[in-house]
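Just so we're aligned: the first sequence equals residues 0 to 488 in numbering that gives the first Met the number 0. Glycine included, every Cβ here is placed at the ideal spot set by N, Cα and C.
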Amino acid sequence: MPDLPPQQAKPPRVRFAPSPTGYLHVGGARTALFNWLFARHTGGTFILRIEDTDFERSSDAMVEGILEGMRWLGLDWDEGPFFQSRRLDLYKETAAISVAGGHAYPCFCSKEDLDNRRKEATASGHQPMYDRRCRHIAKEEAVARIAAGEPAAIRFAVPEGGATSFDDAVFGKVEFQNADLEDFVLLRSDGIPTYHLSVVADDIDMRLTHIIRGADHISNTPKQVLLYRALEAPLPVFAHVPLILGPDKTRLSKRHGATSVIAYKQMGIVPEAFRNFLSLLGWTTGGLKDANGKDREIFSSEELVNLFSLEGISKSNAVFDNDKLAWFNTEYIRNYPVAQLKPLVEQEWKLAGFTPTRSEKEITHAIELLKPRARSLKDFASAFRGYFSDEYEIDAAAAAKFLSGNVPALLVELGARYLAATEFTEASTEALLRAFAEEKGIKAGVLINGSRVALTGQGVAPSLFAVMVALGQHRVAARLQKAVVQPVG
RNA sequence: GGCGCUAUCGUCUAGGGGUUAGGACGUGAGAUUCUCAAUCUUAAAACCCGGGUUCGAUUCCCGGUAGCGCUACCA
């Protein structure tokens, strides 16, 4: 039977269908992102479906975690979330239709028998595929055994010969010999569907036009194609996305560090940076250049939506590079208008239990000064504390290096001069310091470095005189005069 | 083991029958001297191997190798 033409009717309908057996992980997030991008680009519909048919491993907490991750990334869905656990009737019905159509049959083999036979087959060098022994049980006998209460699973009857192929939007034509396909289980003996049944039943029921999912599903696809045909449903367009790997090129796992999207939020990554980074893992604009002729890499979500296409998805797996992510993060933080960055910083403070003791104006000023050198949102609650509160720590190494010898004493004196100053601008503070250095016969750099540590607690900071202006005259004077009592080393 | 997919700098990638094989991250060097986790300049760094097609393959084809995926009454 020839396939019905693929559903290209616009607008497209796509879905992200995570299994709540863990938090939203990086790979899932990227799949969700691509589906979302595709839906938004085409004006289609993005559906969220929770595949929770594995009751043992699924949990509400995981569902909430997945939703949280999607919200953080700004991936809003148009329909759902739908829960497969509440749609079991549909799957049973679909299985029954398959049986009635002669495409599926009850299987009475027990799990133990199956395991044993698989083991034997492997031991004797055969393929551990189901031997189809229940496929030829007479209909009457099967009905009688089920009536007698014998547990039975429903298996799909894979055609004995020929091949099954599909046209993947990313990989092109992919073909499998039917002989290599097992008579897979559709419905377990407890009435719970397996993955193959529930996805196909739902994808048909939800009228999905494009299935964008991880490449780990390529091998599952021919079975599902067969099911679509048995159900006389039009085939969607399949687009398999290559996998994301860890630095050692094995599948990304906890071993490699964070795999949960929320962990990146907790690391102070801003969502747009993460989304931008993720979008370029396994997808490319095809070499879009910026004004300088360099490949563009920073894209707003609007641009991403406009640019996204299935054609740009690459075929090979990609390694998740933390350094590159960190770079995206600094770029985004640096370029955010303060108005946009400030709420994120405040959220970070809240998380860290830190309360700034500054006016809104001072806070805005300090964020403006600091954002070009922030690596993560975390910096605002750690290294940058001194700009927002008087409770900050002096970095011991920086103090040892720059607050040694007679420097503290000089800073106390310098602080008094600043207190008495009638003007307090970047130019005036610098002039004052340099004059003071000359008067004392020492290099200005010594005082500059010492002041930096006394004022910010850090050995690294923006231009000292910009820092002074941000801090204000009284605070500068006070902190310099306190320098002498700071424990050194 | 079987089946499937993939292969350009360390990493993400552009490109494509003839190129100095481009960009970015990271790394090295230099500059700035008020620190560097900032900025600027700069350098090193790749077409997996073997056949074939071709005047010419990194590019097309075949094989190998390697990596990854699937191989459950998990998803």
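- In the structure shown, the three-state DSSP call for Thr163 is strand.
- The DSSP-derived three-state label of Asp289 is coil.
- Ala103 carries a strand assignment under DSSP once its states are collapsed to helix, strand and coil.
- Taken atom to atom, the span from the alpha-carbon of Glu111 to that of Lys118 is near 11 Å.
- Residue state for Leu186 is assigned as strand, using DSSP reduced to three classes.
- Shown here, Gln176 sits in a strand according to DSSP, grouped into three states.
- The beta carbon of Ala420 lies closer than 8 Å to those of Ser427, Thr428, Leu431 and Gln472 in the same chain, with the five residues before and after it left out.
- Taking C-beta separations shorter than 6 Å and ignoring five residues to either side along the sequence, the partners of Ser18 in its chain run Glu50, following chain order.
- DSSP lists His239 as the beta-bridge partner residues of Arg212.
- Annotation: the continuous alpha helix (DSSP H) that includes Arg416 extends over Val406 to Ala419.
- At least 9 Å separates the beta-carbon of Met266 from that of Ser381.
- Counting C-beta atoms within 10 angstroms of its own C-beta, Val198 has 16 or more neighbours from the protein chains shown and is therefore classed as buried.
- Cβ atoms of Glu296 and Leu280 stay farther apart than 8 Å, at about 12 Å.
- One thing to note: Ile362 has its Cβ within 9 Å of the Cβ of Lys341.
- With three or more CB-CB distances shorter than 8 Å, the region 300-307 counts as touching the region 37-45.
- With the rule of 3 Cβ pairs closer than 8 Å, the region 225-237 counts as touching the region 159-171.
- Closest in alpha carbon position to Ala317, among Leu207, Gly26 and Val344, is Gly26.
- In the three-state DSSP reduction, Gly64 falls in the helix class (H, G or I).
- Between Leu324 and Ile261 the beta-carbon gap is near 15 Å, outside 8 Å, which marks them as no contact.
- As computed with DSSP, Glu78 is found in a beta bridge with Ile46.
- Assignment of Ala262 by DSSP, reduced to helix, strand and coil, places it in the helix class.
- In this model, Ser358 and Ser252 are separated by some 44 Å (Cα to Cα).
- Residue pairing by DSSP places His24 opposite Ser259 in a beta bridge.
- Of the residues Gly79, Gly68, Val62 and Tyr22, the one whose Cα lies closest to the Cα of Arg14 is Gly79.
- Pairing Gly64 with Gln223, the inter-Cα distance amounts to about 29 Å.
- DSSP places Ala147 in the coil class of the three-state scheme, outside both helix and strand.
- A residue is called buried once 16 or more other Cβ atoms fall within 10 Å of its Cβ, and Pro270 is buried on that count.
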